[in-house]
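Notes for the one structure printed next.
There are 4 protein chains.
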Amino acid sequence: MGSPSSKKLWSGRFNERTHHLVEQFTVSLPFDRRLYPYDIQGSIAHSRTLERAKVFTKKECSIIIRGLEQIRTEIDQGQFVFHEEDEDIHMSIERRLTTLIGPLGGKLHTGRSRNDQVALDLRLYVKDALPQLTKEITNLQQALVMQARKHLPIIMPGYTHLQRAQPVLLAHHFLAYVEMLERDHNRLNDALKRLDVMPLGSGALAGTNYPVDRRLTAKLLGFSQITANSLDAVSDRDFVVEVLSALSILMVHLSRLSEELILWSSQEFQFIELPDSFCTGSSMMPQKKNPDVAELVRGKTGRVFGDLQATLTMLKGLPLSYNRDLQEDKEPLFDGLDTVSASVRIYGELMKRLTVRPDALSTAARTGGLLATELADYLVRKGVPFRESHAIVGQLVGDCLRQKKDLNQLTVQEFQKYAPHFGPDVLTILTPESAIARKAQTGGTARKQVLKQLNALEKRLAR
Amino acid sequence: MGSPSSKKLWSGRFNERTHHLVEQFTVSLPFDRRLYPYDIQGSIAHSRTLERAKVFTKKECSIIIRGLEQIRTEIDQGQFVFHEEDEDIHMSIERRLTTLIGPLGGKLHTGRSRNDQVALDLRLYVKDALPQLTKEITNLQQALVMQARKHLPIIMPGYTHLQRAQPVLLAHHFLAYVEMLERDHNRLNDALKRLDVMPLGSGALAGTNYPVDRRLTAKLLGFSQITANSLDAVSDRDFVVEVLSALSILMVHLSRLSEELILWSSQEFQFIELPDSFCTGSSMMPQKKNPDVAELVRGKTGRVFGDLQATLTMLKGLPLSYNRDLQEDKEPLFDGLDTVSASVRIYGELMKRLTVRPDALSTAARTGGLLATELADYLVRKGVPFRESHAIVGQLVGDCLRQKKDLNQLTVQEFQKYAPHFGPDVLTILTPESAIARKAQTGGTARKQVLKQLNALEKRLAR
Amino acid sequence: MGSPSSKKLWSGRFNERTHHLVEQFTVSLPFDRRLYPYDIQGSIAHSRTLERAKVFTKKECSIIIRGLEQIRTEIDQGQFVFHEEDEDIHMSIERRLTTLIGPLGGKLHTGRSRNDQVALDLRLYVKDALPQLTKEITNLQQALVMQARKHLPIIMPGYTHLQRAQPVLLAHHFLAYVEMLERDHNRLNDALKRLDVMPLGSGALAGTNYPVDRRLTAKLLGFSQITANSLDAVSDRDFVVEVLSALSILMVHLSRLSEELILWSSQEFQFIELPDSFCTGSSMMPQKKNPDVAELVRGKTGRVFGDLQATLTMLKGLPLSYNRDLQEDKEPLFDGLDTVSASVRIYGELMKRLTVRPDALSTAARTGGLLATELADYLVRKGVPFRESHAIVGQLVGDCLRQKKDLNQLTVQEFQKYAPHFGPDVLTILTPESAIARKAQTGGTARKQVLKQLNALEKRLAR
Amino acid sequence: MGSPSSKKLWSGRFNERTHHLVEQFTVSLPFDRRLYPYDIQGSIAHSRTLERAKVFTKKECSIIIRGLEQIRTEIDQGQFVFHEEDEDIHMSIERRLTTLIGPLGGKLHTGRSRNDQVALDLRLYVKDALPQLTKEITNLQQALVMQARKHLPIIMPGYTHLQRAQPVLLAHHFLAYVEMLERDHNRLNDALKRLDVMPLGSGALAGTNYPVDRRLTAKLLGFSQITANSLDAVSDRDFVVEVLSALSILMVHLSRLSEELILWSSQEFQFIELPDSFCTGSSMMPQKKNPDVAELVRGKTGRVFGDLQATLTMLKGLPLSYNRDLQEDKEPLFDGLDTVSASVRIYGELMKRLTVRPDALSTAARTGGLLATELADYLVRKGVPFRESHAIVGQLVGDCLRQKKDLNQLTVQEFQKYAPHFGPDVLTILTPESAIARKAQTGGTARKQVLKQLNALEKRLAR
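Chains as they are written, first to last, in numbering that gives the first Met the number 0: chain W, 0 to 462; chain L, 0 to 462; chain V, 0 to 462; chain A, 0 to 462.
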């Protein structure tokens with residue numbers, strides 16, 4: 000600070016040096032430096048486009064590109080020296096370029112502004128990050144599918160309101176999460192398509208004075224479209240919010256999975272055993288083995304919601320076009336992507352190593368009146384309207400509860416006290432296995448349906 | 000309350016009546032009654048599917064359907080009496096059906112649960128609401144496009160950081176909003192496609208015991224797919240969050256437009272005149288004419304963000320499958336859709352009636368050093384590297400400011416004091432018109448580009 | 000609408016009637032009508048103050064007040080006719096007043112604006128609502144204290160990470176919530192003190208032209224202070240946000256209690272039985288008894304967070320002084336207060352009726368290595384540094400787990416294999432009762448400490 | 000990682016090493032290392048308390064304290080080596096202590112858990128941070144007060160709805176912000192008082208087995224109270240949320256100030272000139288001078304709201320007592336405090352250097368019908384009911400607008416066409432100066448009132 004190098008590239012019209020508090024307050028370098036490969040990639044494409052437009056000579060272009068590539072290597076290898084007074088990664092790179100290749104470096108910014116440059120860099124970053132994330136999602140889905148196949152015959156109590164409701168296959172339960180993650184995957188892909196639009200050439204706000212071929216730039220950078228309105232292009236951060244929305248929904252799903260892993264590994268449920276290597280202990284209580292990973296994923300859900308809220312609030316009420324408020328887009332976006340990627344990755348590994356306790360699951364599935372609905376549907380098949388049969392079975396279940404009996408301890412005669420429609424065949428329906436087998440329509444928990452779905456998902460995930 | 004009719008349909012197993020505070024606390028009828036047409040539509044399709052599955056006879060089916068249609072008419076015409084103790088719209092309708100057609104009404108709920116029923120109703124509601132909203136979006140886009148065409152030659156100062164930056168066409172500015180709204184439209188359409196999946200037949204959580212053809216139900220209701228996992232189907236509210244996310248982004252756009260309408264109609268800007276019929280006055284200050292509509296739209300932005308946050312938070316950490324927390328999905332969704340629809344609709348009308356003040360705009364566009372970038376690019380064309388030319392012009396602008404002169408008051412000789420590259424042709428570039436004409440690449444503000452974009456948008460909006 | 004009565008009171012300067020869409024969009028009457036008693040109370044105090052200032056004669060004042068009181072009676076008794084074109088409750092009342100008492104009604108608005116009027120009404124509303132809420136909080140605290148006293152000897156497993164950790168008294172657990180609620184109570188009281196400032200006399204923004212004694216108005220209305228800056232007074236909504244923040248924290252507490260009620264009433268925990276009258280059943284599964292109240296309270300937590308976020312976002316970036324955005328303060332505030340009041344009230348009733356299952360609790364407290372920390376502290380008392388003793392007991396617990404033994408099944412000899420410091424007295428410390436008794440410092444779970452705290456709280460709650 | 004030192008202090012009971020992904024995912028050291036002075040301060044007080052309780056000898060205590068002080072010096076001076084596998088700052092310090100003083104270091108954790116330790120550290124951190132922040136707030140208030148005094152006679156247009164409303168003193172406008180900041184100050188002080196409660200001695204959840212004097216610990220650490228319930232003490236993060244709420248409201252105020260600085264320094268308003276040293280330029284447009292600081296503060300508002308939302312969401316629905324989710328409390332809290340402190344500090348400096356343009360302000364105050372309310376009140380003084388006088392003046396203003404005249408260009412005769420009550424004295428009231436002088440009640444913009452308020456505030460800020 001205060002060093003000769005701190006003269007700003009835009010200082011011509013100013014009478015005073017920037018106050019040091021302002022330098023500290025406005026600097027984005029500590030968080031935007033991760034954009035460097037995209038900034039350099041963008042600058043190379045920009046140079047080639049300017050060459051094609053005859054703004055740069057072939058020779059100028061190749062010197063600039065060589066300089067940029069050297070800078071990329073320097074940063075890759077940790078040899079680049081960042082100066083805080085460079086404000087941002089764009090200025091760091093441009094200044095270093097000028098040191099390396101002389102005044103020619105000062106030509107790089109021809110026909111562009113930091114406004115369209117940063118819009119480009121951020122889109123390139125997201126275009127790179129999302130496919131990595133969706134690959135991790137697929138990995139987690141595969142772990143879930145693997146567990147589903149491995150435990151295909153296992154029956155567990157299905158819950159509503161955290162009360163035991165009806166028996167379901169554990170595999171069916173795992174596949175519910177595969178479905179959620181599949182929607183997340185699609186949602187991120189939709190966002191990716193929508194942001195695949197190249198903004199460079201929008202200048203600061205009005206467009207560029209140079210006869211550049213913007214479609215060429217797009218092609219060089221792998222974009223399928225170019226932006227259609229320069230004012231919109233430099234001030235549009237829809238894609239940041241859309242990605243953070245999709246990430247928030249994904250975290251909702253992971254938070255639900257977390258809740259279940261925590262419940263299921265409690266002493267009360269004991270449905271699963273988490274791997275020791277994915278748990279931690281207590282500094283005070285020697286016996287503790289805590290499901291920290293699941294708790295942290297659940298806890299980090301709020302963080303991603305916060306990132307979403309931060310960007311929405313930041314954008315509210317800004318007049319066109321670029322405003323410096325937009326600098327506050329990067330930290331929430333990076334934090335959201337980092338948090339979600341790490342969460343999905345660690346769950347991919349954890350789910351592979353999960354130990355299921357079949358006995359606990361099936362014991363739980365055999366109690367608690369989980370077959371009451373089967374009884375009601377039995378009566379319907381015997382001609383009783385559903386509401387009436389529901390009332391009859393409700394009465395019957397209530398009496399069992401008061402007498403501390405389980406449904407499958409009743410005799411046919413006892414059943415018949417509640418309705419003459421009960422016959423001896425009623426006893427055959429009162430098993431979890433038969434209850435499950437009856438849920439035989441698409442989406443139901445019958446084994447053949449779950450298997451069908453499992454096969455389909457395995458195929459789809461082989462993408 | 001306490002009336003004989005308040006006996007709950009599920010009360011068989013219970014020893015006590017529901018506490019009146021609980022009835023008040025859990026009732027959803029005041030807000031879910033707007034689902035009635037979808038609930039009835041769903042019940043009709045459900046009945047037809049049960050008939051096809053031979054669970055209902057043809058006659059039973061037609062009596063039930065006739066009953067349901069009568070109830071729809073009763074509600075449509077305001078003749079239906081809602082009882083608070085009915086808990087929700089589903090119970091209201093079922094109870095009335097049983098009054099109308101006797102015990103047969105008790106058959107309607109065969110093979111379904113409120114869990115899959117409400118999931119269906121809500122999807123039907125959104126499938127109906129979104130196309131209405133996107134139509135309103137198109138209407139607003141058309142108003143903006145109309146204003147753009149009407150004022151095609153008008154030049155205004157483009158802004159960054161709310162500082163005058165470069166001249167742009169007012170039409171270009173209007174079209175920036177059309178682009179934003181186009182993304183909103185696409186985002187809502189993506190959400191619509193993703194939610195176009197039929198959940199009925201998932202039962203409470205495990206599937207249905209009846210041999211129903213779920214694809215038939217889907218076809219009858221206009222869905223293109225059916226859900227693949229019953230546990231997921233009854234607990235999935237992704238679509239609510241996804242829609243509220245898309246609505247939040249849309250409100251960001253409207254809040255930006257609002258900010259500009261407020262700024263532009265201030266005494267300081269005076270760029271536009273809002274119609275009297277879209278403003279209100281003050282109870283105390285007789286001279287006031289306030290841009291209330293724009294302020295309210297801006298203020299309502301927070302409300303939609305709040306709706307989004309409410310549903311995200313509600314879903315966080317819920318174990319599978321259905322939990323009563325999910326009842327809290329409806330009010331935020333309805334509020335978000337209502338708020339955004341009303342805001343888009345009123346802006347569609349307001350934008351049609353907006354009066355532009357061309358003189359104020361073009362006066363503003365002629366001052367403030369808006370052509371400094373043109374000078375810098377002029378020097379680049381004369382061979383000066385951009386950074387150097389930027390510094391020269393910065394110095395020049397700084398001197399003008401200190402001498403309270405405007406750029407276009409300088410002589411060629413004065414220019415040449417800053418750089419020998421300035422020739423007599425420099426004076427010809429110092430007009431807003433020529434500056435605009437030079438921004439001639441796609442997305443730029445040159446008139447031919449704006450016209451091209453205008454034509455393309457008019458065509459697209461004729462959808 | 001369009002009726003002769005719809006002429007706006009501020010329409011003098013306008014050329015066009017308000018558009019009907021604008022009337023619908025800007026109207027606040029449907030939600031601000033609940034302010035009527037406060038609006039009338041404020042108007043009466045305003046009239047008295049104007050009389051004292053000799054702006055009104057004694058007679059004028061008493062006619063106006065009589066008119067206002069009649070209007071209050073009309074609304075109280077449901078006889079008042081609201082017209083949508085009245086925009087808001089203030090206009091409704093003023094118009095009716097003029098109908099009742101003639102042109103004199105038009106004097107009521109002398110020296111005030113809707114800006115200071117609504118600021119006053121909203122503060123009066125909150126000043127009334129908060130004490131009602133804190134009374135409900137006290138009621139809930141008393142129910143918790145009552146349960147604590149009733150079950151004073153009951154031991155349960157305390158949890159961290161939802162893993163059993165150490166035995167605690169159930170009473171200690173209940174009192175933890177009493178502490179949380181006590182902070183909520185204090186937080187709301189702080190908010191109440193800070194908002195106890197009277198804004199009337201600030202006019203639209205600049206103050207009033209009339210020689211009114213603002214302290215008199217404050218006294219008449221029960222305020223302890225008057226606002227010190229008119230610009231701030233009409234645009235300050237800090238108190239709305241502060242109240243919603245306090246309510247959000249309160250809902251965090253209730254959501255935690257909800258989670259525990261749901262867990263504890265599950266078949267896996269079975270620690271409590273919820274009263275039938277506070278649960279609901281399933282439309283499909285006859286055996287279900289669901290903890291809906293707890294789920295709904297948990298679900299409504301997001302709603303209150305959303306209300307908070309809505310008001311924060313609404314206020315962001317507004318220039319001084321009053322902006323119409325502020326109209327969006329009322330619905331979130333009312334919704335937050337209503338939601339929280341209903342939740343606290345219903346929990347007050349539910350907690351009184353909660354049935355505890357002592358056997359399930361104490362069985363759970365006797366397993367799971369809950370006494371491992373006691374062992375470690377035993378070794379510390381024998382001179383082993385804590386980290387070492389923690390490691391020894393960790394090893395010991397690990398071996399027990401692998402051998403499926405419980406700690407209290409080991410013999411002294413077996414203990415001594417791990418450390419020579421173990422003596423015969425080790426067996427005496429391995430009971431939940433003695434473990435609890437040792438936590439004898441303030442805040443600990445020892446019975447005497449819990450009893451002390453219980454006594455103190457009972458005293459405090461008798462406020 | 001994988002180094003011998005990475006063995007966890009709680010690993011006794013575990014069969015597997017922690018997975019490296021889990022170490023990365025759960026580590027808090029990168030962000031909690033800033034707690035080190037508080038952690039050491041807490042450990043010193045803990046040691047002294049254990050000595051007093053005869054758990055430590057005097058000698059042990061002094062060796063431990065000396066070791067801790069050495070570690071503090073090492074970290075202060077940047078010589079401390081942090082190992083990622085240490086999980087958190089507590090483990091880093093404890094491990095280093097054991098290296099320095101041998102097995103005695105293993106005694107430090109006697110009678111405490113990380114759960115009460117981190118609760119303590121975080122409270123100490125906030126107890127230190129808040130007074131620093133409130134000092135910065137006072138500094139900003141003083142800058143505003145200084146500007147108010149400096150420009151006491153300057154008149155400006157006051158705004159509602161961003162429309163010119165009535166003339167006010169610029170000083171009055173500045174003091175409105177001083178009032179807002181005063182409430183922020185008080186709100187933070189209330190939060191500070193409520194969090195001034197010492198949690199150590201709560202153990203992991205149940206209390207401590209050692210006969211420690213918790214009030215002594217509190218005294219040594221400067222707390223005024225001790226926590227009353229151990230379960231609550233380790234899981235209470237109310238203070239984090241309460242502080243973030245207060246910070247969010249503060250950011251609302253700064254965002255409003257930001258909006259005004261941005262508006263006022265636009266070419267349209269030109270009410271102020273920001274110092275060059277607090278602005279930045281454009282990379283492309285040489286003439287630009289942008290109010291970046293104000294834009295960034297406004298943009299950072301969303302960030303603090305996001306921090307608040309993150310912690311609220313994180314806490315929702317957690318069962319008692321400690322859960323690992325709570326680790327997610329620190330980053331939002333630190334980010335919120337850092338962001339707000341930096342924003343308040345930079346505004347303190349910027350406001351001192353603000354240049355006001357009195358001419359632009361007073362020119363603006365002389366137009367736009369700002370005196371219409373004065374006319375209405377004039378008629379009231381002549382006996383016309385306010386509503387009638389409002390309507391008369393509304394008509395009069397409307398006619399002026401249509402004739403493009405200003406109010407003060409009318410003659411007495413012209414006034415009398417609208418109402419016979421107008422006399423020659425009407426002309427004397429039509430100046431901003433007299434309008435301001437009439438707002439002479441407390442809180443009004445009359446010079447004597449503003450001066451009174453200025454004096455009072457200067458006195459109060461001398462705290």
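For every residue, glycine included, the Cβ atom is placed at its ideal position computed from N, Cα and C.
Partners in chain W for residue i, counting only beta-carbon separations shorter than 7 Å
i      : result
V/P384 : In chain order: nothing, as chain W lies at least about 14 Å away.
A/N289 : R323
Buried versus exposed call for residue i [16 or more other C-beta atoms within 10 Å across all chains shown]
i      : result
W/V196 : buried
W/E84  : buried
W/V80  : exposed
V/E15  : exposed
Within chain W, partners of residue i - CB distance below 8 Å
i      : result
V/I261 : H160, L161
Interface flag, residue i vs chain L, CB-CB below 7 Å
i      : result
V/H18  : yes
W/Q408 : no
A/S265 : yes
A/F277 : no
W/L119 : no
Where the alpha helix (DSSP H) containing residue i begins and where it ends
i      : result
V/L468 : Missing from the structure shown is residue 468 of chain V; chain V here goes from 0 to 462 and no further.
W/Y37  : 35 to 51
L/Y377 : 371 to 380
A/R472 : Chain A is shown from 0 up to 462; residue 472 of chain A falls before or after that span and cannot be answered.
V/Q162 : Per DSSP, V/Q162 belongs to no alpha helix (DSSP H); it is in the beta strand (DSSP E), 162 to 168.
Opening and closing residue of the beta strand (DSSP E) in which residue i lies
i      : result
L/I154 : 154 to 159
*Can we say the region 272 to 292 of chain W touches the region 232 to 247 of chain W, given the rule of at least three CB pairs closer than 8 Å?*
Flag = no, the region 272 to 292 of chain W and the region 232 to 247 of chain W do not touch.
_Meets three-Cβ-pair contact criterion under 8 Å: the region 180 to 199 of chain L and the region 120 to 134 of chain L_ = As far as the Cβ criterion goes, the region 180 to 199 of chain L touches the region 120 to 134 of chain L, which means the pair count is three or higher.
*How do the region 307 to 314 of chain A and the region 105 to 112 of chain A stand: do at least 3 beta-carbon pairs fall below 8 Å, yes or no?*
No: the two stretches stay apart, fewer than three of their Cβ pairs being nearer than 8 Å.
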